[in-house]
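Engineer: I have a structure here, written as structure tokens, and I will follow up with some questions on it.
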Amino acid sequence: MPSGRFLAWALALSAASLVLGCGQPAATSAQPSVAPTATASPVTPTSQPGSNQRSAPRPAGNSTRSIPAPPSLIGLGVPAPDRVRIPSINVDSPLVLLDRNPDGTIQLPPDPGKPGWYRRGVAPGDLGTAVIMGDVGSASVPGVFSRLSSIRSGDEIRIQRTDGSELLFVAQRSLAFSPSAFPAAEVYRGGGGPGLRLFTCGATAAPGGSPTTEDVVVFATLSG
């Protein structure tokens, strides 16, 4: 990314050892940080959403922080997400696919202007918690989720899928948290239906345009 730093989210080796991951992306898979309730099975999209994250080298990011990812669960075979629209913060972007590195971190979106979907979790609209993350960017070059902390309860989040269908999620709340105290149980606890979490690190601007030490997650649920 053009300026700053933005590291991947870590996957701890077990629920008992849930920790913050703050390293460079690696290359082999690790066990999920929260014990899955079903056998792990990544969702395989019928076509590549957006642009693949391996298509270009990734510029420097804006944060050195990362958070544990959710477990992979058996999906219902719903179509993969292709695009995300959040009118309240002027986001309308294709999604890239994010996989898992060997050190247990999630791959980073190569472009600060495009968010990514963690494909080893569930797809939006499937049972469980789907994860989309994007960059906050910098004061000079804002990332796609630079205004994520501005989302309010009731704001719409529209997910277009590879089959042409669209899902409407509604934001319930946002949460700013210290990177050293990631509330995994609260963030990934399901409500019995399809859920969506939007993440970025350092999404609250401080005086002078510098990111704060807080990370931000938005909780959303499927409408209808």
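Take the position in the sequence shown, starting the count at 1, then add 104; the result is the number in our numbering. We put the CB at the ideal spot given by N, CA and C, even for glycine. This structure is a prediction, so every number in the text was calculated from the model and none was measured.
1. Please state whether the Cβ-Cβ distance between residue 188 and residue 255 is less than 8 Å.
2. Buried or exposed for residue 232, going by 16 or more other Cβ atoms inside 10 Å?
3. Keeping to the same chain, check which residues put their C-beta closer than 8 Å to that of residue 299; ignore five residues upstream and five downstream.
4. Any chance the segment 237–246 sits against the segment 214–226, with 3 or more Cβ pairs inside 8 Å?
5. Check whether the Cβ atoms of residue 253 and residue 241 sit closer than 8 Å, and answer yes or no.
6. Looking at residue 304: is its Cβ nearer than 8 Å to the Cβ of residue 291?
7. Classify residue 199 as buried or exposed, calling it buried when 16 or more other Cβ atoms lie within 10 Å of its own Cβ.
8. Could you tell me the distance, in whole angstroms, from the CA atom of residue 297 to the CA atom of residue 267?
9. Rounded to a whole number of angstroms, what is the C-alpha to C-alpha distance between residue 257 and residue 208?
10. Applying the 10 Å Cβ sphere with the 16-neighbour rule, what's the burial state of residue 339?
11. State the Cα-Cα distance for the pair residue 192 and residue 212, rounded to the nearest angstrom.
12. Do residue 214 and residue 247 count as a contact pair if the criterion is CB distance below 8 Å?
13. Got a sec? Which residues, its chain only, sit under 7 Å from residue 294 by beta carbon, not counting five neighbours each side?
14. In whole angstroms, give me the CA-to-CA distance for residue 274 and residue 229.
Structural biologist: Once the coordinates are examined:
1. no
2. buried
3. 232, 233, 234, 323, 324, 325 and 326, listed in sequence order.
4. yes
5. no
6. Result no, Cβ atoms of residue 304 and residue 291 do not sit closer than 8 Å.
7. buried
8. 21 Å
9. 32 Å
10. With the chain covering 105 to 328 only, the question about residue 339 has no answer from this structure.
11. The alpha-carbon atoms of residue 192 and residue 212 are separated by roughly 24 Å.
12. Their beta carbons are not under 8 Å apart, which means residue 247 does not touch residue 214 by this criterion.
13. 232 and 233
14. 12 Å
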